[in-house]
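Chemist:
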Amino acid sequence: MSFKLPDHVKLPTSPARHNLAIAEIVIFSAILPFQILIKLVQEWQHWGIHHKHRRHPIRCFFRGWFSILAILCQIRIIGFALYISTNNPVKSVVVAEVILQSVGASPLLWELSLVLLRCGHAGDKYSKNTVYPKFLGTLLRLTRAPIIASAVLFVIAGCILNTTVLKAGSLVLLAAFVYVAGISIFISVTGYKQLLHTSGQLGLWLVVATLPFYTVRVVYLVLVEFGSIRFNPVLGDWRFLAAMGLAMEVPILLLLMIAGVVVEPLEFGSQRFLRLPSARQGDSTEARLDGSMSVGYILDESADKVSA
Numbered sequence: 001m002s003f004k005l006p007d008h009v010k011l012p013t014s015p016a017r018h019n020l021a022i023a024e025i026v027i028f029s030a031i032l033p034f035q036i037l038i039k040l041v042q043e044w045q046h047w048g049i050h051h052k053h054r055r056h057p058i059r060c061f062f063r064g065w066f067s068i069l070a071i072l073c074q075i076r077i078i079g080f081a082l083y084i085s086t087n088n089p090v091k092s093v094v095v096a097e098v099i100l101q102s103v104g105a106s107p108l109l110w111e112l113s114l115v116l117l118r119c120g121h122a123g124d125k126y127s128k129n130t131v132y133p134k135f136l137g138t139l140l141r142l143t144r145a146p147i148i149a150s151a152v153l154f155v156i157a158g159c160i161l162n163t164t165v166l167k168a169g170s171l172v173l174l175a176a177f178v179y180v181a182g183i184s185i186f187i188s189v190t191g192y193k194q195l196l197h198t199s200g201q202l203g204l205w206l207v208v209a210t211l212p213f214y215t216v217r218v219v220y221l222v223l224v225e226f227g228s229i230r231f232n233p234v235l236g237d238w239r240f241l242a243a244m245g246l247a248m249e250v251p252i253l254l255l256l257m258i259a260g261v262v263v264e265p266l267e268f269g270s271q272r273f274l275r276l277p278s279a280r281q282g283d284s285t286e287a288r289l290d291g292s293m294s295v296g297y298i299l300d301e302s303a304d305k306v307s308a
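UniProt numbering applies: residue 1 is where the sequence shown begins, and numbers increase by one.
Encoded structure:
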């Protein structure tokens, strides 16, 4: 169902809503440079694992600036900057706000699935090889399709002002979240968790820790599309946006940033990494659940030597 907006829209004004918008801009502006720096260093140190072309500082910075979490921060900054720019915006500004508020949940879920996938690559040295069986890696990669689809639906719905497409986008994102959450819990409660390196297991638990926050965030997204106008982040009650939006997104963002550093660590000088607790000194341990996968970790014997 389509809806029409007047050429100029009178937004609800209150000091609390205005202060919330400023707080969001400040918070995400503070997080953004840290995320860019972390991603820049990770790209520089692990460039050969992810890319085949020549490493260059500008390329690393570009990938850091356009990393998933950095994009989320920029979306939030732009969205709330548009809100506080005027109390009587033109229709195009309101449409842009609706799109930015709706599409912002997709990058978080994308990063969640990406960190979960990288947990299988974590080890004494982050590598291309994964300990996940082929079917599990495929299932994790399949999460990208519905996440992209939901973001596209949100953009289309905002452009044509169609509530039906907005609702479809929220339902697709809800289904994608249930799918990713199910895989996360499945790995954490089954023997596949034991295949992960210690850093991979810690990354997995950090991903699982984001699920309660993301559940509330997705419920809020569904309420925005299917509930009353008071849930609308642009026109509704600002307290729902603060409690179910900002208060949920910031912990998710920080936990995913920490998890990303855990599974793909930053190296400064000599760094001693966590090792599989089940491994013996000097041994090559194999982690197997079925015949389709076998990965060995070679531990550095010199790391365990203690001088008398």
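Even glycine gets a Cβ: it sits at the ideal position worked out from N, Cα and C.
#1: Within 8 Å, do at least three Cβ pairs link the region 196 to 204 to the region 105 to 114?
#2: Going by other Cβ atoms of all chains shown within 10 Å of its Cβ, with 16 needed for buried, is Phe186 buried or exposed?
#3: On the criterion of 16 or more Cβ atoms from any shown chain inside 10 Å, does Leu100 qualify as buried, or is it exposed?
#4: Under 8 Å, do Ser150 and Ala176 count as touching if we go by C-beta distance?
#5: Mind checking which residues open and close the alpha helix (DSSP H) that includes His159?
#6: By how many angstroms is the C-alpha of Pro233 removed from the C-alpha of Val218?
#7: According to DSSP, simplified to helix, strand and coil, what is Val234?
#8: How would you write the range of the alpha helix (DSSP H) that Tyr192 sits in, first residue to last?
#9: Let me confirm a value: Val263 is counted as buried when at least 16 other C-beta atoms fall within 10 Å, else exposed. Which label applies?
#10: Between Glu267 and the rest of its own chain, which residues show a CB-CB distance below 6 Å, the 5 nearest in sequence each way excluded?
#11: Rounded to a whole number of angstroms, what is the C-alpha to C-alpha distance between Arg280 and Asn129?
#12: Ala209 and Leu255 - do their beta-carbons sit closer together than 8 Å?
#13: For the alpha helix (DSSP H) that contains Asn129, what are its first and last residues?
#14: Give me the residue from Leu20, Tyr179, Thr215 with the minimum Cα distance to Leu136.
#15: Within 10 angstroms of the Cβ of His197, are there 16 or more other Cβ atoms? Answer buried if so, exposed if not.
Modeler: If we stick to the structure as given:
#1: no
#2: exposed
#3: buried
#4: yes
#5: Looking at the sequence itself, residue 159 is Cys, so the reference to His does not match. 144 to 160 is the span of the alpha helix (DSSP H), which, as asked, contains Cys159.
#6: 14 Å
#7: coil
#8: Segment: none, Tyr192 is in no alpha helix (DSSP H) and carries neither H nor E.
#9: buried
#10: Gln45
#11: Any reading at Arg280 must be qualified, since the residue scores a pLDDT of 31, below 50, and its modelled position is unreliable; no value is offered.
#12: yes
#13: First-last for Asn129: undefined, no H or E at that position.
#14: Tyr179
#15: buried
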